[in-house]
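Trainee: In the numbering used here, the protein residues as written are 9 to 284.
Where is the CB? At the ideal position from N, CA and C, for every residue including glycine.
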Ligand code: AMP
């Protein structure tokens with residue numbers, strides 16, 4: 009892969025990169041289309057990164073379908089699909105970690121402390137291997153996007169980070185490879201996550217500014233469906249992820265909920281109307 013990247017660069021070609029864990033849906037494809045328009049050569053990776061899963065999490069059952077992924081990649085104009093093996097990225101002697109101090113202490117990092125350490129380590133490695141000029145990440149994983157931007161700034165990594173909006177099913181459910189775990193009933197219950205965000209937007213439009221009130225309402229909506237539990241619901245600063253109690257500027261509302269055993273995340277940037 010490094011030799012391909014060097015060849016592209018020697019020939020003056022611009023490389024765009026989309027790292028993924030595979031099992032493609034429209035969200036992944038929208039990132040690839042955006043990346044394709046930003047560069048001459050489009051490289052994607054498919055790698056279910058063991059470093060970011062806790063032993064109790066779904067590494068072994070994570071959905072995989074390489075044949076279908078490759079067909080989608082070809083249709084979307086991908087030039088190279090990089091699919092490393094875990095043993096080659098993390099040989100026995102591997103001991104380096106890339107980790108951030110502050111941003112991973114919020115939201116998903118609280119109950120999944122290994123997650124972002126694993127993400128930043130693997131993305132650093134992939135950047136060194138693929139040598140992209142630009143990389144595209146989804147706003148669905150808003151915290152991940154902030155963390156990657158911070159890492160790139162902090163370490164002077166010469167890759168421009170771009171983002172793409174969350175792709176949703178027609179009824180609003182954020183697309184996710186993990187949606188494939190949901191039964192038909194759970195698929196209905198999962199919609200509560202999106203509904204809770206939409207309701208927050210409506211409340212804000214009606215002039216409610218108190219985060220506690222909005223979060224309580226969101227919690228009620230999610231818990232009103234059987235089998236749903238809440239991991240977190242936060243309203244926070246769009247850059248630092250620190251809690252915001254009174255909404256007087258654009259904020260991130262981020263939700264993580266379990267639908268049965270399936271953990272889903274979603275978010276929305278809420279923008280208060282200055283007039284109200
Ligand atoms: P994953 O394969 O889930 O690790 O995701 C790979 C990339 O796709 C990440 O940058 C995600 O943020 C992005 N992504 C995942 N789901 C969506 C979605 N529904 N809309 C937009 N981007 C997404």
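Within 10 angstroms of its Cβ, does residue 15 collect 16 or more other Cβ (buried), or is it exposed?
Mentor: On the chain shown, residue 15 is found 7 positions in, with the first residue counted as 1. Exposed, since its Cβ has fewer than 16 Cβ neighbours within 10 Å.
Trainee: How should residue 101 be labelled, buried or exposed, when 16 other C-beta atoms within 10 angstroms of its C-beta is the threshold for buried?
Mentor: Taking the first residue of the chain shown as 1, we reach residue 101 at position 93. Burial call: exposed.
Trainee: Spatial neighbours of residue 84 within its chain, please: C-beta separation below 6 Å, excluding the five flanking residues on both sides.
Mentor: Position 76 of the chain shown, counted from the first residue, corresponds to residue 84. Closer than 6 Å at Cβ, skipping near neighbours: 37 and 40.
Trainee: Assign residue 58 to one of three DSSP states: helix, strand, or coil.
Mentor: The sequence position of residue 58 within the chain shown is 50, counting from 1. Helix, per DSSP.
Trainee: Answer yes or no: does any C-beta atom of chain C fall closer than 8 Å to that of residue 83?
Mentor: This model lacks chain C altogether, as it is built from one protein chain only.
Trainee: Nearest-angstrom Cα distance between residue 60 and residue 104?
Mentor: Within the chain shown, the letter at position 52 stands for residue 60. Within the chain shown, the letter at position 96 stands for residue 104. Near 14 Å, if we compare the C-alpha coordinates of residue 104 and residue 60.
Trainee: Can you tell which of 185, 142, 155 and 152 has the C-alpha that lies nearest to the C-alpha of residue 170?
Mentor: Translated into positions along the chain shown, residue 170 becomes position 162. For the residues 185, 142, 155 and 152, the minimum Cα distance to residue 170 belongs to 142.
Trainee: Under 7 Å from any heavy atom of the ligand AMP, does the C-beta of residue 146 make it?
Mentor: Working through the chain shown from its first residue, we reach residue 146 at position 138. For the ligand AMP, at least one heavy atom lies less than 7 Å from the Cβ of residue 146.
Trainee: Can you tell me whether residue 194 is buried or exposed? The criterion is at least 16 other CB atoms within 10 Å of its CB, across all chains shown.
Mentor: Walking along the chain shown from the start, residue 194 turns up at place 186. So residue 194 counts as buried.
Trainee: Just checking my contact of residue 198 with residue 115 at CB under 8 Å: how many whole Å lie between their CB atoms?
Mentor: Within the chain shown, residue 198 is the residue found at index 190, counting from 1. Within the chain shown, residue 115 is the residue found at index 107, counting from 1. Not really, about 19 Å apart at Cβ, beyond 8 Å.
Trainee: Assuming residue 263 and residue 204 form a contact by the criterion Cβ under 8 Å, report the distance between their Cβ atoms to the nearest whole angstrom.
Mentor: For the purposes of this step, residue 263 is taken as the residue at position 255 of the chain shown. For the purposes of this step, residue 204 is taken as the residue at position 196 of the chain shown. Between residue 204 and residue 263 the Cβ distance is about 6 Å, and since that is below 8 Å, they are a contact.
Trainee: Under a Cβ-count criterion, where at least 16 other Cβ atoms within 10 Å of its own Cβ denotes burial, should residue 138 be classed as buried or exposed?
Mentor: By one-based count along the chain shown, residue 138 stands at place 130. Classification for residue 138: buried.
Trainee: Going by alpha carbons, who is nearest to residue 236 out of 248, 265, 77 and 221?
Mentor: By 1-based counting over the chain shown, the position of residue 236 is 228. Of 248, 265, 77 and 221, the residue nearest in Cα terms is 265.
Trainee: Pair every Cβ in the region 18–25 with every Cβ in the region 46–65, then say whether three or more of these pairs are closer than 8 Å.
Mentor: Yes, the region 18–25 touches the region 46–65.
Trainee: How many Å lie between residue 281 and residue 107 at the Cα?
Mentor: Looking up residue 281 in the chain shown gives position 273. Looking up residue 107 in the chain shown gives position 99. Spanning the two alpha carbons is a distance of roughly 37 Å.
Trainee: Cβ of residue 249 within 8 Å of Cβ of residue 111?
Mentor: By one-based count along the chain shown, residue 249 stands at place 241. By one-based count along the chain shown, residue 111 stands at place 103. Going by C-beta atoms, residue 249 is nearer than 8 Å to residue 111.
Trainee: In whole angstroms, what separates the C-alpha of residue 117 from that of residue 150?
Mentor: Within the chain shown, numbered from 1, the residue matching residue 117 stands at position 109. Within the chain shown, numbered from 1, the residue matching residue 150 stands at position 142. Going from the Cα of residue 117 to the Cα of residue 150 covers about 12 Å.
Trainee: Once the 5 residues before and after residue 256 are set aside, which same chain residues still bring their CB inside 8 Å of it?
Mentor: Working through the chain shown from its first residue, we reach residue 256 at position 248. Once the five neighbours on either side are set aside, the close Cβ partners of residue 256 are 217 and 280.
Trainee: Residue 243 and residue 221: beta carbons closer than 8 Å?
Mentor: Within the chain shown, the letter at position 235 stands for residue 243. Within the chain shown, the letter at position 213 stands for residue 221. Result no, Cβ atoms of residue 243 and residue 221 do not sit closer than 8 Å.
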